[in-house]
Every structure is written in C-alpha cells, then in structure tokens.
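With my numbering applied, the sequence shown corresponds to residues 282 to 665, in that order.
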Amino acid sequence: MKESKTPNPVLRFPDFNEDWELVKLNKILTEHKTRNSTGEFNEVFSVAKEKGVINQIEHLGRSYASDDISNYKVVFPNDVVYTKSPTAGFPFGIIKQNMLNRAGVVSVLYAVFKPKNKELGHLLDIYFSSQLNTYNYLVPIVHRGAKNTMNISNSAFLDGYKIGIPSNIIEQKKIVTFLTFIDNQIIQLTEKKGLLEQYKKGVIQKIFKKELCFKDKNGNPFSEWKTYILKEILQRYSNPVKVESDKLYSQIGIRSHGKGIFHKEPVSGKSLGNKRVFWIEENKLILNIVFAWERAITKTTVKEIGMIASHRFPMYEPVKDLLNLDFILYFFLTPRGKSFLELASPGGAGRNKTLGQTAFENLKISIPSLKEQNKISSFFTGIR
Numbered sequence: 282m283k284e285s286k287t288p289n290p291v292l293r294f295p296d297f298n299e300d301w302e303l304v305k306l307n308k309i310l311t312e313h314k315t316r317n318s319t320g321e322f323n324e325v326f327s328v329a330k331e332k333g334v335i336n337q338i339e340h341l342g343r344s345y346a347s348d349d350i351s352n353y354k355v356v357f358p359n360d361v362v363y364t365k366s367p368t369a370g371f372p373f374g375i376i377k378q379n380m381l382n383r384a385g386v387v388s389v390l391y392a393v394f395k396p397k398n399k400e401l402g403h404l405l406d407i408y409f410s411s412q413l414n415t416y417n418y419l420v421p422i423v424h425r426g427a428k429n430t431m432n433i434s435n436s437a438f439l440d441g442y443k444i445g446i447p448s449n450i451i452e453q454k455k456i457v458t459f460l461t462f463i464d465n466q467i468i469q470l471t472e473k474k475g476l477l478e479q480y481k482k483g484v485i486q487k488i489f490k491k492e493l494c495f496k497d498k499n500g501n502p503f504s505e506w507k508t509y510i511l512k513e514i515l516q517r518y519s520n521p522v523k524v525e526s527d528k529l530y531s532q533i534g535i536r537s538h539g540k541g542i543f544h545k546e547p548v549s550g551k552s553l554g555n556k557r558v559f560w561i562e563e564n565k566l567i568l569n570i571v572f573a574w575e576r577a578i579t580k581t582t583v584k585e586i587g588m589i590a591s592h593r594f595p596m597y598e599p600v601k602d603l604l605n606l607d608f609i610l611y612f613f614l615t616p617r618g619k620s621f622l623e624l625a626s627p628g629g630a631g632r633n634k635t636l637g638q639t640a641f642e643n644l645k646i647s648i649p650s651l652k653e654q655n656k657i658s659s660f661f662t663g664i665r
C-alpha cells in the first residue's frame with residue numbers, strides 16, 4: 282500500500298483490529314551478499330514474472346550461467362530477490378520471494394534480501410506482483426546514469442516510500458495462508474486446463490483423421506463425410522464502411538496460433554485515409570491473410586459488433602444446413618487444417634506468406650453431416 286496516514290486495508294479478516302504499520306523496506310529486509318565461494322550450491326535460479334524464483338533450465342530450457350558460478354549470489358529459502366532487469370509490464374525489474382524449499386544462486390546483478398520473517402517476504406511478493414505498485418515504488422528512486430541508463434541502487438531500493446503491512450504476526454500468517462490456498466487452487470485448475478487442452482487436441486486430430494466417429498441418438502453411425510470446395514459451404518461476407526472523417530472507429534486484430542481477436546485503440550476516420558475497411562458482424566469466420574498460415578483465424582462474437590477491419594481480414598459465413606461455424610474453425614486449428622492454410626499461402630522465405638483468397642476458397646475439404654458437425658462442436662465446447 283502506498284504511503285498514507287491510514288494504511289489499514291478496506292478488506293480485512295474480522296479477527297484483527299490493530300492498525301497496520303507504515304514501514305520502509307529497510308525495516309523488514311536486510312541485504313545479504315552471500316556468495317557461492319565454496320561452490321556449495323550448483324542450481325542456478327531465474328526470476329520470472331509469473332512463476333517467481335525458478336530453476337533456470339526449467340524456465341528457459343537451458344542454462345545461461347557462466348562455467349564458474351562461485352561469484353554468484355546465494356538465494357536461501359524465503360529470501361526476496363530484486364532482478365533490476367526490465368520485463369513486460371515491469372520496466373525496472375521484478376521483486377519475488379524464493380518460495381522453493383531449497384537454496385540456489387543468481388546473477389551478481391540481482392539484489393538479494395533476507396526478510397524479517399517469511400510471511401513478510403510473501404506479503405512483499407504479493408504487493409510487488411502488481412505492475413502499478415512496482416512502478417510507483419521504483420520510479421521515484423531511479424537514478425539516470427551515463428548514456429541514459431536507468432539504475433536503482435540496493436540502498437535506494439530499501440529506502441523508498443513506506444508500505445503498509447500488518448503489525449500482528451498472526452494476521453500476517455493468516456493472510457499468507459489464505460492467499461497461498463488461492464494460489465494452489467489456481468495452479469491445480471491451470472494444470473487441469475492444460476490436461477484438458479491436450480486431450481482436446483488429441484481428440485480433434487482423431488476426429489479429422491476419421492479415427493473417431495460420433496453416433497446419432499439411436500447409436501447408429503452418421504452418414505459418410507462428403508467433399509466440397511470450400512466456397513460451396515463457406516461464403517464471403519462483406520459490409521463496407523463509409524468512413525466519416527470526424528468519427529472514431531475501433532479496429533480489430535487477430536493473434537496467431539488460434540489465440541483469438543484483440544481490440545485496438547479507436548482511431549479517427551481522418552487517420553484511416555483511403556484505407557478500405559469493413560464492419561464486423563458476429564458469428565463470422567475471420568482470418569488475417571498475412572498470418573493465416575500461422576493460424577491467425579477465429580470467429581467473431583457480439584463483442585466485435587460495431588468494430589471494423591481492413592481488407593486484410595476477410596470474413597466468411599457458413600452455408601445454412603451444410604456447415605457449423607465452430608466445426609470449420611476447429612478444423613483449421615488442427616495440423617491438417619494448418620497445412621491447408623499454408624497451401625493457400627504461397628510465399629518466399631521468412632514470414633512473407635500472404636493467403637490467396639481465391640486459392641483459399643477453392644480448397645477441397647471433407648466434412649460430415651451437419652448433425653454430426655453439431656455433435657462434434659458441442660463436445661468440444663463442453664471441454665473448453
């Protein structure tokens with residue numbers, strides 16, 4: 282909590298009424314400069330925004346440490362580490378507690394501190410997990426050096442503005458216990474989600490290889506799959522925008538690898554110039570022709586109504602009684618579907634592979650009956 286006259290939080294456990302304290306970090310953290318001079322520790326740690334202190338090879342895939350790590354700083358369990366290295370959302374570095382039950386070493390560029398107790402270290406980890414809290418704390422103590430380098434000394438880090446903390450150790454422990462429980466629940470759900478996604482990928486591939494077939498309500502197989510030219514089942518949709526220079530327009534973009542749509546900041550009609558743009562409607566297949574080969578393909582939702590896209594984002598709607606939109610999207614997100622998108626996206630080296638819309642529309646694809654498509658789509662929707 283940023284320095285103030287009333288550090289008590291709005292949300293609090295009912296058992297406690299003692300005022301929180303406003304303290305500088307130098308009252309609850311002590312820098313230690315223990316080096317690995319004896320070579321006792323051989324595990325090199327990285328410090329990650331989401332995962333905190335973590336084995337470097339586990340995090341990065343390989344070690345980036347020097348052959349000789351005797352000069353590296355030792356990080357003991359519960360120590361607090363300040364990286365000073367910029368990362369997304371944290372331009373002046375991140376601050377994490379070592380929650381592993383073992384010691385390791387980190388680069389000499391990192392600052393390592395021992396907390397007054399492990400609970401306070403955990404509370405600081407939580408506090409500084411906020412981009413805003415971290416930025417507001419570090420900005421006032423940044424020293425601009427030669428060549429515009431941005432530096433924060435370890436002493437300045439400890440002498441920043443005061444932060445509100447519980448004065449009662451029992452309250453500290455209760456907060457940490459509660460938040461640790463929530464973190465563990467999140468980890469379990471994340472792992473479950475990952476397993477479901479792997480299962481879903483495997484099932485999708487089997488379905489489109491026809492190794493796994495659904496049956497109708499009577500237990501009978503559906504009719505045989507039929508082959509169509511894509512434009513016979515998926516038709517182009519286009520609703521041009523008559524741009525007005527004094528109005529604001531919100532554009533969309535599409536992430537690669539099936540990651541969906543993102544919304545851009547509004548721009549004026551004047552700034553669009555002569556750019557051809559089109560209204561987005563919900564429940565349309567939409568792709569980015571520049572990165573279609575990288576599975577920049579998705580479907581629009583009600584959230585995109587009233588937004589616009591350039592001619593690089595063609596939209597298609599399924600032919601009624603022939604195609605389920607979710608089914609065709611699932612297909613294009615499979616390895617086989619990706620190969621179709623690559624086939625329609627000839628190009629040179631690198632990432633310059635623009636999708637040819639005529640080639641895309643003339644792809645030949647086999648699909649099951651609409652009833653089976655609906656059943657397949659409902660199945661996948663249920664395990665999202």
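Glycine residues also receive a C-beta, built at the ideal position from the N, C-alpha and C atoms.
All values reported here derive from a predicted model rather than from experimental measurement.
Residue i: which of the options sits nearest, CA to CA?
i: LEU610; options: SER549, ALA625 and PHE661; result: PHE661
i: GLU585; options: CYS494, LEU566 and MET431; result: LEU566
i: SER344; options: LYS455, VAL386 and LYS330; result: VAL386
i: GLY500; options: GLU653, ALA346 and ASP296; result: GLU653
i: GLU505; options: LYS308, LYS491 and ILE514; result: LYS491
i: ILE570; options: LEU644, SER318 and SER626; result: SER626
i: VAL355; options: HIS340, GLY320, GLY342 and SER366; result: GLY320
i: PRO288; options: ASP300, LYS332 and ILE535; result: ASP300
i: ALA573; options: HIS544, GLY541, GLN532 and SER537; result: SER537
i: LYS496; options: LYS377, LYS656, LYS545 and ARG316; result: LYS656
i: LYS523; options: LYS545, GLY550 and GLY539; result: GLY550
i: THR635; options: GLN486, TYR530, PRO595 and ARG617; result: PRO595
i: SER591; options: THR461, GLU525, ASN555 and SER366; result: ASN555
i: PHE489; options: GLN378, LEU401, ASP348 and ARG617; result: ARG617
i: ILE309; options: HIS424, ARG517, VAL558 and LEU439; result: LEU439
i: ILE370; options: ASN352, LEU341, SER410 and GLY342; result: Ile is not the amino acid found at residue 370; the sequence shown has Gly there. For the residues ASN352, LEU341, SER410 and GLY342, the minimum Cα distance to GLY370 belongs to SER410.
i: ARG593; options: GLN532, SER620 and PHE613; result: GLN532
i: GLY539; options: ASN520, GLN486, PHE612 and TRP560; result: PHE612
i: GLU682; options: TYR518, LEU341 and PHE297; result: Because the chain here runs from 282 to 665, residue 682 falls outside it and cannot be looked at.
i: GLU513; options: PHE559, VAL600, SER388 and THR368; result: VAL600
i: ASP296; options: ILE485, ILE451, GLN412 and ASN307; result: ILE451
Looking at the unbroken beta strand (DSSP E) that takes in residue i, where does it start and where does it end?
i: HIS544; result: 542–544
i: LEU310; result: 310–312
i: GLU302; result: 302–304
i: ILE350; result: Run containing ILE350: none; DSSP gives neither H nor E here.
i: ILE422; result: Careful: ILE422 lies outside any beta strand (DSSP E) and carries neither H nor E.
i: MET362; result: Note that residue 362 is Val in the sequence shown here, rather than Met. Per DSSP, VAL362 belongs to the beta strand (DSSP E) from 361–363.
i: VAL647; result: The question names Val, but residue 647 in the sequence shown is Ser. Looking at the DSSP string, the run of the beta strand (DSSP E) that includes SER647 is 645–648.
i: PHE326; result: 326–329
i: LYS354; result: 354–356
i: GLY534; result: 533–535
Can you grab the Cα-Cα spacing for the pair residue i / residue j, in whole Å?
i: ILE444; j: SER436; result: 16 Å
i: ILE335; j: GLU324; result: 10 Å
i: GLY587; j: LEU477; result: 34 Å
i: ALA640; j: PRO372; result: 45 Å
i: LEU604; j: HIS403; result: 53 Å
i: PRO615; j: THR579; result: For the record, residue 615 in the displayed sequence is Thr; it is not Pro. C-alpha separation (whole angstroms): 13 Å.
i: GLU673; j: ILE375; result: Outside the displayed span of the chain (282 to 665) sits residue 673, for which this structure offers no information.
i: THR315; j: ILE422; result: 25 Å
i: GLU268; j: LEU292; result: With the chain running from 282 to 665 in the structure shown, residue 268 is simply not present.
i: ASN465; j: ASN359; result: 18 Å
i: THR582; j: LEU568; result: 14 Å
i: THR508; j: LYS645; result: 7 Å
i: SER285; j: SER448; result: Because SER285 carries a pLDDT of 48, less than 50, the predicted location of this residue cannot be relied on, and the following value inherits that uncertainty. For SER285 and SER448, the distance between alpha carbons rounds to 16 Å.
i: ASN643; j: LEU511; result: 6 Å
i: ASN398; j: HIS544; result: 44 Å
i: GLU598; j: ASP527; result: 31 Å
i: VAL304; j: LEU405; result: 12 Å
i: PHE608; j: GLN479; result: 18 Å
i: VAL393; j: TYR442; result: 19 Å
i: CYS494; j: LEU390; result: 57 Å
i: LYS498; j: SER647; result: 23 Å
i: THR364; j: SER658; result: 46 Å
How far does the alpha helix (DSSP H) with residue i in it extend, from its first residue to its last?
i: ASN435; result: 435–439
i: THR639; result: 638–642
i: LYS490; result: Looking at the DSSP string, LYS490 is not in any alpha helix (DSSP H), and its letter there is neither H nor E.
i: ILE514; result: 511–514
i: PHE621; result: 616–624
i: GLU505; result: GLU505 -> no alpha helix (DSSP H), and no H or E assigned at all.
i: GLU339; result: 337–341
Determine the burial state of residue i: buried for a count of at least 16 other Cβ atoms within 10 Å of its Cβ, exposed for fewer.
i: SER327; result: buried
i: PRO649; result: buried
i: GLY483; result: exposed
i: ASN417; result: exposed
i: ARG383; result: exposed
i: VAL420; result: exposed
i: GLY333; result: buried
i: ASN472; result: Here residue 472 is Glu; the residue named in the question, Asn, does not match the sequence. Exposed is the call here.
key: Completely contained beta strand (DSSP E) runs for the stretch 539–608, where each covers 3 or more residues   = 542–544, 558–560, 566–568, 578–580, 589–591 and 596–599
request  = Can you check the stretch 436–482 for any beta strand (DSSP E) of at least 3 residues that lies completely inside it and give the ranges in chain order?
outcome  = 444–446
Whole beta strand (DSSP E) elements within the stretch 365–419, 3-residue minimum = 376–378, 385–387 and 392–396
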